[in-house]
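Note sheet for the following structure.
2 protein chains.
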Amino acid sequence: MTNSASALVIDDHPLLASGIADFLLSHCGFGQARPVSSIAEFWAILDAAQPPSLAVVDFWLPEGASLPLLVQMKRQYPATRLLAISADDNAAVSDKAREAGADGFLHKQEAPEIFGRAVAALLRGDTWFRTGPFAVAGINQPLKELPVTAAELGLTARQGQVLAMMLKGLPNKRIALNLSLSEQTIKEHVTGILERLGARNRIEVITMLRGKKLEGS
Amino acid sequence: MTNSASALVIDDHPLLASGIADFLLSHCGFGQARPVSSIAEFWAILDAAQPPSLAVVDFWLPEGASLPLLVQMKRQYPATRLLAISADDNAAVSDKAREAGADGFLHKQEAPEIFGRAVAALLRGDTWFRTGPFAVAGINQPLKELPVTAAELGLTARQGQVLAMMLKGLPNKRIALNLSLSEQTIKEHVTGILERLGARNRIEVITMLRGKKLEGS
DNA sequence: ACCAACACCCTACTACGGTAGGGTTACGCC
DNA sequence: GGCGTAACCCTACCGTAGTAGGGTGTTGGT
Numbered sequence: 001m002t003n004s005a006s007a008l009v010i011d012d013h014p015l016l017a018s019g020i021a022d023f024l025l026s027h028c029g030f031g032q033a034r035p036v037s038s039i040a041e042f043w044a045i046l047d048a049a050q051p052p053s054l055a056v057v058d059f060w061l062p063e064g065a066s067l068p069l070l071v072q073m074k075r076q077y078p079a080t081r082l083l084a085i086s087a088d089d090n091a092a093v094s095d096k097a098r099e100a101g102a103d104g105f106l107h108k109q110e111a112p113e114i115f116g117r118a119v120a121a122l123l124r125g126d127t128w129f130r131t132g133p134f135a136v137a138g139i140n141q142p143l144k145e146l147p148v149t150a151a152e153l154g155l156t157a158r159q160g161q162v163l164a165m166m167l168k169g170l171p172n173k174r175i176a177l178n179l180s181l182s183e184q185t186i187k188e189h190v191t192g193i194l195e196r197l198g199a200r201n202r203i204e205v206i207t208m209l210r211g212k213k214l215e216g217s
Numbered sequence: 001m002t003n004s005a006s007a008l009v010i011d012d013h014p015l016l017a018s019g020i021a022d023f024l025l026s027h028c029g030f031g032q033a034r035p036v037s038s039i040a041e042f043w044a045i046l047d048a049a050q051p052p053s054l055a056v057v058d059f060w061l062p063e064g065a066s067l068p069l070l071v072q073m074k075r076q077y078p079a080t081r082l083l084a085i086s087a088d089d090n091a092a093v094s095d096k097a098r099e100a101g102a103d104g105f106l107h108k109q110e111a112p113e114i115f116g117r118a119v120a121a122l123l124r125g126d127t128w129f130r131t132g133p134f135a136v137a138g139i140n141q142p143l144k145e146l147p148v149t150a151a152e153l154g155l156t157a158r159q160g161q162v163l164a165m166m167l168k169g170l171p172n173k174r175i176a177l178n179l180s181l182s183e184q185t186i187k188e189h190v191t192g193i194l195e196r197l198g199a200r201n202r203i204e205v206i207t208m209l210r211g212k213k214l215e216g217s
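As you go down the protein sequences, you meet chains G and Z in turn. Residue numbers are given in full-length UniProt numbering: position 190 of the first sequence equals residue 190, and the series is strictly consecutive. Residue numbers are given in full-length UniProt numbering: position 204 of the second sequence equals residue 204, and the series is strictly consecutive.
Here it is, written out as structure tokens:
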């Protein structure tokens, strides 16, 4: 074919967008591959030029902008193949992308070889979504959690242990059993934790420490 | 200088590692820049060759492996400059990296130009950590949250509204005020939600839906 | 020897969360 | 019309969460 494929790669990490664009040029036979890192730039290029054969879209664009972007792309440029990419291995993310109109989805941590195969599949008109044991995974995938020590929060060792179980959603009674203490003692530790963290109840603590994980389980 | 700099780039996203390595070669005057995407490969290369001038380390390596990696690198190859990179703009992450021995830290979404400046600073022997208003930001940064609709969870519209406030940590009384309903009605909606999601209490719901965000605020 | 901090125990109380049972209105469907 | 469902209200009950107040023993610092 004389007409080589063109691509637009949008990711808020410019280095990754460049890396992918380079890969498309050097390994996938693309004649043009342009990396962009902002939504505005993305639409500006589309307005000014021919729609590309392929658009690679980061799923986690700031403010959840990727889903509406996919929807609008599908509506406005149905000929452009849409490949969504994401850093986390969550089946729900893949489903969301497909619902929004993506023709394919894969993880950023895939080997370049796999990436190339997915791109080829999309250009052929096929789709590319993982199925199998992976897709069964339910609501909750291991999220990345920043480790925090009890000391960093100004808590004693015991309070740290109690807090760790609180964050798992355990009620006082079960925490007491786990630590072989009376429920009352747990309540006092909880009161201490609330005071220290400036929370009114355990629920505020949980929402406040979302995404953190106490060191030592 | 006749001796050009060498680098080792570790990131579990091969395309990003390659992108960064290419950038070091083409824009930062590096004579060698090797991308790797697994810990094992990383140490294997270090064992077999001269320690590089620079190691670029993704903060969110699987299983939280990056912090121990930084610590051991600092101990074993103190001459190698360590640059940690991360996708999220959380001050706590930067602090953690510094504590673990990194000489610099920056976000993946930084412009390549900034990235180049940070690399240059590290090679000079300087450090590179952001300070300023950014660093003041406390415990919680906006996390990426996968949007979910009430319908997807099998909930009615009202239950969805109640659930959204539950996930913010609001008590029934305040939810009732916000919706101009009696507290009792809220309790019934909560009971319905618990039943539908198979949870025993609201805390289980919150931990179960960690990282999700109900659509429509 | 003394004091402060921590950890542990107790009783007693208030407030919030959640369930059960019973009742009203409004909407859409067969 | 009759039916189901969702939404709204009420009283009543029970279990958990959290506070207050008072007590014991241990540890580490001055």
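The beta-carbon is built from N, C-alpha and C at its ideal position, and this holds for glycine as well.
Where does residue i sit, in a helix, a strand or coil, going by DSSP?
{"i": "N140 of chain Z", "result": "Residue placement at N140 of chain Z is flagged as unreliable, the pLDDT there being 35, under the threshold of 50; a coordinate-derived value is accordingly withheld."}
{"i": "P14 of chain G", "result": "helix"}
{"i": "Q32 of chain G", "result": "strand"}
{"i": "W60 of chain G", "result": "coil"}
{"i": "K168 of chain G", "result": "coil"}
{"i": "A111 of chain Z", "result": "coil"}
{"i": "R53 of chain Z", "result": "Note that residue 53 of chain Z is Ser in the sequence shown here, rather than Arg. In this structure, S53 of chain Z counts as coil in the three-state DSSP scheme."}
{"i": "A199 of chain Z", "result": "coil"}
{"i": "F129 of chain Z", "result": "coil"}
{"i": "A21 of chain Z", "result": "helix"}
{"i": "A121 of chain G", "result": "helix"}
{"i": "P68 of chain G", "result": "helix"}
{"i": "L155 of chain Z", "result": "coil"}
{"i": "G116 of chain Z", "result": "helix"}
{"i": "G211 of chain Z", "result": "coil"}
{"i": "A150 of chain G", "result": "coil"}
{"i": "G104 of chain Z", "result": "strand"}
{"i": "A176 of chain Z", "result": "helix"}
{"i": "A87 of chain Z", "result": "coil"}
{"i": "A40 of chain G", "result": "helix"}
{"i": "L46 of chain Z", "result": "helix"}
{"i": "L8 of chain G", "result": "strand"}
{"i": "K96 of chain G", "result": "helix"}
If I'm right that residue i touches residue j with Cβ under 8 Å, what's the distance once you round it to whole angstroms?
{"i": "R98 of chain Z", "j": "S53 of chain Z", "result": "R98 of chain Z to S53 of chain Z, Cβ: 20 Å. No contact."}
{"i": "L24 of chain Z", "j": "V119 of chain Z", "result": "7 Å"}
{"i": "S4 of chain Z", "j": "F30 of chain Z", "result": "6 Å"}
{"i": "K96 of chain Z", "j": "L67 of chain G", "result": "Not confirmed; about 31 Å, so no contact."}
{"i": "D58 of chain G", "j": "I85 of chain G", "result": "6 Å"}
{"i": "L167 of chain Z", "j": "L197 of chain Z", "result": "At roughly 12 Å, the Cβ-Cβ gap does not stay under 8 Å, so L167 of chain Z and L197 of chain Z are not in contact."}
{"i": "L70 of chain Z", "j": "A91 of chain Z", "result": "About 17 Å; that fails the 8 Å criterion."}
Determine whether the Cβ of residue i lies closer than 7 Å to any Cβ atom of chain G.
{"i": "L15 of chain Z", "result": "yes"}
{"i": "T149 of chain Z", "result": "no"}
{"i": "P112 of chain Z", "result": "yes"}
{"i": "I186 of chain Z", "result": "no"}
{"i": "D58 of chain Z", "result": "no"}
{"i": "I203 of chain Z", "result": "yes"}
{"i": "G154 of chain Z", "result": "no"}
{"i": "G198 of chain Z", "result": "no"}
{"i": "L106 of chain Z", "result": "no"}
{"i": "D95 of chain Z", "result": "no"}
{"i": "G169 of chain Z", "result": "yes"}
{"i": "S217 of chain Z", "result": "Below a pLDDT of 50, predicted positions are generally treated as unreliable, and S217 of chain Z, at 49, falls in that range; the measurement from the model is reported next regardless. So, not an interface residue."}
Consider the Cβ of residue i: report whether some Cβ of chain Z lies at a distance smaller than 7 Å.
{"i": "E99 of chain G", "result": "no"}
{"i": "Q109 of chain G", "result": "yes"}
{"i": "S86 of chain G", "result": "no"}
{"i": "I20 of chain G", "result": "yes"}
{"i": "A92 of chain G", "result": "yes"}
{"i": "T207 of chain G", "result": "yes"}
{"i": "L214 of chain G", "result": "no"}
{"i": "A135 of chain G", "result": "Confidence at A135 of chain G is low in this model, with a pLDDT of 39, below 50, so its placement is unreliable and the value that follows should be read with caution. Not one chain Z Cβ lies under 7 Å of A135 of chain G."}
{"i": "L146 of chain G", "result": "yes"}
{"i": "D12 of chain G", "result": "yes"}
Mind the definition here: the stretch 99–110 of chain G touches the stretch 12–25 of chain Z only if three or more C-beta pairs lie below 8 Å; say whether that holds. yes
Counting pairs of Cβ atoms below 8 Å between the stretch 205–214 of chain G and the stretch 197–213 of chain Z, do you hit three or more? Contact annotation: the stretch 205–214 of chain G touches the stretch 197–213 of chain Z, with at least three C-beta pairs closer than 8 Å.
May I ask you to verify whether the stretch 183–194 of chain Z touches the stretch 153–166 of chain Z, counting CB pairs closer than 8 Å and requiring at least 3? yes
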